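Asks: Order-wise, the sequence lines are chains W and Y. Residue numbers for the first sequence follow this note's numbering, beginning at 1 and rising by one. Residue numbers for the second sequence follow this note's numbering, beginning at 1001 and rising by one. By construction, the Cβ of each residue, glycine as well, lies at the ideal position given by its N, Cα and C atoms. Only a predicted model underlies this, so the values are computations on that prediction, with no experimental measurement involved. Have a look at this one.
Protein chains: 2
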Amino acid sequence: MTTLQTNELNSPQRVLLGPGPSNVDPRVLRVMATPPIGHLDPYLLKLYAEEQILLRSIFKTRNDWTFALSGTGTSGMEAALANLIEPGDSVLIAINGYFGFRLAEIASRVGAKVDRIECPLGDIFTVAAIEEALKNKSYKLFALVHAETSTGAEQLNIKQISDSVHRHNTLFVLDTVTSLGGIPVEVDEWDIDIAYSASQKSISAPSGLAPITVSPRARNIIEKRSTPVSSFYLDLKAYAGYWGDSHLYHHTASASLHYALFTALNMITEEVLEARFMRHSANANILWDGLEKLGCAPFIPIQYRLPVLTTARVPSSVNPHTVRNQLLTDYNIEIAAGFGELKDKVWRIGLMGYSSSQENITLLLAALNLLLA
Amino acid sequence: MTTLQTNELNSPQRVLLGPGPSNVDPRVLRVMATPPIGHLDPYLLKLYAEEQILLRSIFKTRNDWTFALSGTGTSGMEAALANLIEPGDSVLIAINGYFGFRLAEIASRVGAKVDRIECPLGDIFTVAAIEEALKNKSYKLFALVHAETSTGAEQLNIKQISDSVHRHNTLFVLDTVTSLGGIPVEVDEWDIDIAYSASQKSISAPSGLAPITVSPRARNIIEKRSTPVSSFYLDLKAYAGYWGDSHLYHHTASASLHYALFTALNMITEEVLEARFMRHSANANILWDGLEKLGCAPFIPIQYRLPVLTTARVPSSVNPHTVRNQLLTDYNIEIAAGFGELKDKVWRIGLMGYSSSQENITLLLAALNLLLA
């Protein structure tokens, strides 16, 4: 065994303008240092009840099954698919970016026969295209990403898509990882069967929890499964047993992360959800104007451009990765590279939650101005 | 939607003497308030490399595949089984308490044909009994709990059991959720194929991460699987891609939790692992003496009684749940009820990591003395 030197943590202070995590408000950070308590402590169980009320208010739902799973956004995605799908079920997955591919991959791993409907990176689906795909075959489930973090496109017409999905007697899973808390999400109004998200994007808590909400229709399907869910860890019925009145032990949830999420959700209520959406939108407009002036015009048409995640064209004169590294090294600003075929063509700039502020945008644009000169 | 009042967190300060989480040292708590950074930030990737060295030193292994998974101890259990088992594989699970049952449940959910070898709650297995069970049939995998948190028994003779398991050409999975950092765990010396643990027990970091280590033999089996692992979220090959040199994106790991785990692991190195084991053992002896004097003799024979988790007999004159509630309400001390058939017969008292101190034991015994009078 090597002998080790004790290392004091000397982590950098970053301005987080990538696809998440976003920066965390000091009020949320402070509660992370609160001494943790047990996973069955009456105080924590009471906190879950309050957290549920807050989660329902940002998901805009009355769903009884509304929890925060002990994992990242990907655990939310896996929970949604693994709990609804039984081996051999046919599902339809919409793919217009990286997280669509991930949905298809996970659905296939939990035993589904996966059909895909695809559109080019950066485009969004028409209601007609989805309607057409649903006509071909009977599907148990249709899954779609609301805000594609890999391209910066917002899928529009969710309500109309949902009508079409339900007309075909299919369940509707919506990925709201990047949208929840940043742009409107209307779970009940849109008749979504499962929506899931992540704590570290537009909610601006540290990562490690995945908010999820399940409609009575989806819950009924889950409760009547003929095979057990392949993942014990992400079994939603077990979550209902733990968060519900019987408080059955399932896993040792992290009080620290729940303290932080609870505080971040309270701050959303304090700001008022609709005002928060307006802040995201107003700040995004400032960023977009600035990017245009720098010759880095946004890649996505304004009609379905996400305010929380912008893909900015890289001027042909510069190496995108050099500039990105300089932003990190010289200015402590994190932005991200493009994904897949967009890798060398765009940067991904997030303005999520606490990170969405005029001071951050002004700093980024000024630093970019220096680096692109 | 209900209008909500913003609630300041007013969480209680508990003395955590249950089966985990344990109390967290203020040095570890402080780093939880550090502003998080991105999951691909060069500083975090460097931290993973240091964390791996520290994890290897407490697992006592040279295994390249040594990570901390983004989930609780149960995610570690599920990762071990889901990555090694392919549908139809025969496995043998040893059950002498609750976590043995959980191993069998998860193995079955990921598609294994599960045989069980059981012994009464509170007993441990003889090498001969396991050897006998392995003779009957060819098994891909054998899984065993090192420290059964539900009973307080330490399974002895792990090295001899491992010899027997490997003589039958079977992989050996060892649950070290409660033991790692509290009592000796010797992954390489014992020739363990996968061992997993949890951050919030004898390591005394907040919960939310699951340390795991994979032998080259197990890694080879995982790399040559003919079917994908059912869980994308807990796919160990994907972890190797993320923690390894290529640093491929897999999920948004929580910098906050890694800051805490890194600090807690450094404190273990600072204390010196063997000195830490002696502290746990010496303090357990003080607790056991005190419990005897109160008429709450430990349930498990001293030969295989765990220093980190003691099941104490409840005197017939008292209601175990009333006393436990009074400890929590009047003294802010958390201990746990018994599990299963031991529910009304014992209390479970943990002395793990930072919680294992003379002041905590003295307080608990004094409070019990008052409540049992």
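#1: For residue 1325(Y), count neighbouring C-beta atoms within 10 Å of its own C-beta (all shown protein chains included) and say buried if the count is 16 or more, exposed if not.
#2: Looking at the C-beta of residue 1024(Y), does it have a partner C-beta in chain W at a distance below 8 Å?
#3: Would you mind telling me which residues of chain Y sit closer than 8 Å to residue 334(W), beta carbon to beta carbon, in chain order?
#4: Between residue 361(W) and residue 286(W), what straight-line distance do the alpha-carbon atoms span, to the nearest angstrom?
#5: Starting from residue 1173(Y), follow the beta strand (DSSP E) in both directions and report where the run begins and ends.
#6: What is the residue span of the alpha helix (DSSP H) that residue 1362(Y) lies within?
#7: Where does residue 373(W) land, buried or exposed, given buried means 16+ other C-beta within 10 angstroms?
#8: What residue does the alpha helix (DSSP H) around residue 1374(Y) start on, and which one ends it?
#9: For residue 1071(Y), which residues of its own chain have a beta-carbon under 6 Å away from its beta-carbon, when the five flanking residues on both sides are left out?
#10: Measure the alpha-carbon distance for residue 1195(Y) versus residue 1255(Y) and round it to whole angstroms.
#11: In terms of residue numbering, what span does the alpha helix (DSSP H) encompassing residue 158(W) cover?
#12: One question on the structure: do residue 1233(Y) and residue 75(W) come within less than 8 Å of each other, judged by their Cβ atoms?
#13: Pull up the DSSP beta-bridge partners for residue 1067(Y), would you.
#14: So, is residue 1302(Y) buried or exposed, given that buried needs 16 or more other C-beta atoms within 10 angstroms?
#15: Could you give the first and the last residue of the continuous alpha helix (DSSP H) run that contains residue 324(W)?
#16: According to the Cβ coordinates, are residue 25(W) and residue 267(W) closer than 8 Å?
#17: Within the 8 Å Cβ cut-off, does residue 1016(Y) reach chain W?
#18: Please name the residues in the segment 1177-1206 of chain Y whose beta-carbon is closer than 8 Å to at least one beta-carbon of chain W, in chain order.
#19: Let me know the secondary structure DSSP gives residue 60(W) once reduced to three states.
#20: Does residue 1110(Y) come within less than 8 Å of chain W when only Cβ atoms are used?
#21: How big is the Cα-Cα spacing for residue 1238(Y) and residue 35(W)?
#22: In chain Y, which residues lie less than 9 Å from residue 251(W) when you measure between Cβ atoms?
#23: Tell me where the beta strand (DSSP E) around residue 118(W) begins and ends.
#24: Give the secondary structure of residue 1221(Y) by DSSP, where H, G and I count as helix, E and B as strand, and everything else as coil.
#25: Using C-beta distances below 6 Å, list every residue in its chain close to residue 159(W), excluding the 5 sequence neighbours before and after it, in chain order.
#26: CA-CA distance, residue 1038(Y) and residue 321(W)?
#27: Using the beta-carbon of each residue, which ones in chain Y are nearer than 7 Å to residue 30(W)?
#28: Do residue 280(W) and residue 182(W) come within 8 Å of each other at the CB atom, strictly closer than that value?
#29: Is residue 1226(Y) buried or exposed, if buried means 16 or more other CB atoms sit within 10 Å of its CB?
#30: Please work out which residues of its chain come closer than 6 Å, Cβ to Cβ, to residue 307(W), disregarding the five sequence neighbours upstream and downstream, and give them in chain order.
#31: Within 10 angstroms of its Cβ, does residue 346(W) collect 16 or more other Cβ (buried), or is it exposed?
Replies: Here's the rundown:
#1: Working through the second sequence from its first residue, we reach residue 1325(Y) at position 325. Taking all protein chains in view, the Cβ of residue 1325(Y) is surrounded by fewer than 16 other Cβ atoms within 10 Å, so the residue is classified as exposed.
#2: Translated into positions along the second sequence, residue 1024(Y) becomes position 24. Closer than 8 Å to some Cβ of chain W, the Cβ of residue 1024(Y) qualifies, so yes.
#3: Here residue 334(W) is taken as the residue at index 334 of the first sequence, counted from 1. The contacting residues are 1037, 1038, 1041.
#4: Taking the first sequence and counting its residues from 1, the one referred to as residue 361(W) is at position 361. Taking the first sequence and counting its residues from 1, the one referred to as residue 286(W) is at position 286. For residue 361(W) and residue 286(W), the distance between alpha carbons rounds to 8 Å.
#5: Here the question's residue 1173(Y) lines up with position 173 in the second sequence. First-last of the beta strand (DSSP E) with residue 1173(Y): 1171-1175.
#6: Start at 1 with the first residue of the second sequence, and residue 1362(Y) comes out as number 362. 1358-1372 is the span of the alpha helix (DSSP H), which, as asked, contains residue 1362(Y).
#7: As a working note, residue 373(W) is residue 373 in the first sequence. That one is exposed.
#8: The requested residue 1374(Y) is not part of the displayed model; chain Y covers only 1001 to 1373.
#9: As a working mapping, residue 1071(Y) is identified with position 71 in the second sequence. Taken in chain order, the residues that qualify are 1210.
#10: On the second sequence, residue 1195(Y) is found 195 positions in, with the first residue counted as 1. On the second sequence, residue 1255(Y) is found 255 positions in, with the first residue counted as 1. Taking the straight line from one Cα to the other gives about 23 Å.
#11: Looking up residue 158(W) in the first sequence gives position 158. 158-167 is the span of the alpha helix (DSSP H), which, as asked, contains residue 158(W).
#12: Within the second sequence, the letter at position 233 stands for residue 1233(Y). Within the first sequence, the letter at position 75 stands for residue 75(W). The answer is yes: Cβ separation under 8 Å.
#13: Looking up residue 1067(Y) in the second sequence gives position 67. As DSSP reads the structure, residue 1067(Y) sits in a beta bridge with 1212(Y).
#14: If you number the second sequence from 1, residue 1302(Y) lands on position 302. Exposed, by the Cβ-count rule.
#15: On the first sequence, residue 324(W) is found 324 positions in, with the first residue counted as 1. Taken as a continuous stretch (DSSP letters only), the alpha helix (DSSP H) holding residue 324(W) covers 320-331.
#16: As a first step, residue 25(W) must be located in the first sequence, where it is residue number 25. As a first step, residue 267(W) must be located in the first sequence, where it is residue number 267. Taking 8 Å as the Cβ cut-off, residue 25(W) and residue 267(W) qualify as a contacting pair.
#17: Mapped onto the second sequence, residue 1016(Y) falls at position 16. Residue 1016(Y) counts as touching chain W.
#18: 1198, 1200, 1206
#19: The count along the first sequence starts at 1 and reaches residue 60(W) at position 60. If DSSP states are grouped into helix, strand and coil, residue 60(W) belongs with coil.
#20: Translated into positions along the second sequence, residue 1110(Y) becomes position 110. Yes - at least one Cβ of chain W is within 8 Å of the one on residue 1110(Y).
#21: The residue you call residue 1238(Y) lines up with position 238 of the second sequence. The residue you call residue 35(W) lines up with position 35 of the first sequence. In this structure, the straight-line span from the alpha carbon of residue 1238(Y) to that of residue 35(W) is close to 32 Å.
#22: Taking the first residue of the first sequence as position 1, residue 251(W) is located at position 251. Within 9 Å Cβ-Cβ: 1071, 1072, 1073, 1074, 1075, 1207.
#23: Against the first sequence, residue 118(W) aligns to sequence position 118. Taken as a continuous stretch (DSSP letters only), the beta strand (DSSP E) holding residue 118(W) covers 113-118.
#24: In the second sequence, residue 1221(Y) corresponds to position 221, counting from 1. Three-state DSSP puts residue 1221(Y) in a helix.
#25: Within the first sequence, numbered from 1, the residue matching residue 159(W) stands at position 159. Taken in chain order, the residues that qualify are 190.
#26: Indexing the second sequence from 1 puts residue 1038(Y) at position 38. Indexing the first sequence from 1 puts residue 321(W) at position 321. Approximately 16 Å, taken between the alpha carbons.
#27: By 1-based counting over the first sequence, the position of residue 30(W) is 30. The contacting residues are 1033.
#28: Counting from one through the first sequence, the residue named residue 182(W) turns up at place 182. Counting from one through the first sequence, the residue named residue 280(W) turns up at place 280. Contact: yes.
#29: As a working note, residue 1226(Y) is residue 226 in the second sequence. So residue 1226(Y) counts as exposed.
#30: Here residue 307(W) is taken as the residue at index 307 of the first sequence, counted from 1. Closer than 6 Å at the Cβ level, and outside the excluded window around residue 307(W), lie 280, 281, 284.
#31: For the purposes of this step, residue 346(W) is identified with residue 346 of the first sequence, where counting begins at 1. The residue in question, residue 346(W), is buried, as its Cβ has 16 or more Cβ neighbours within 10 Å.
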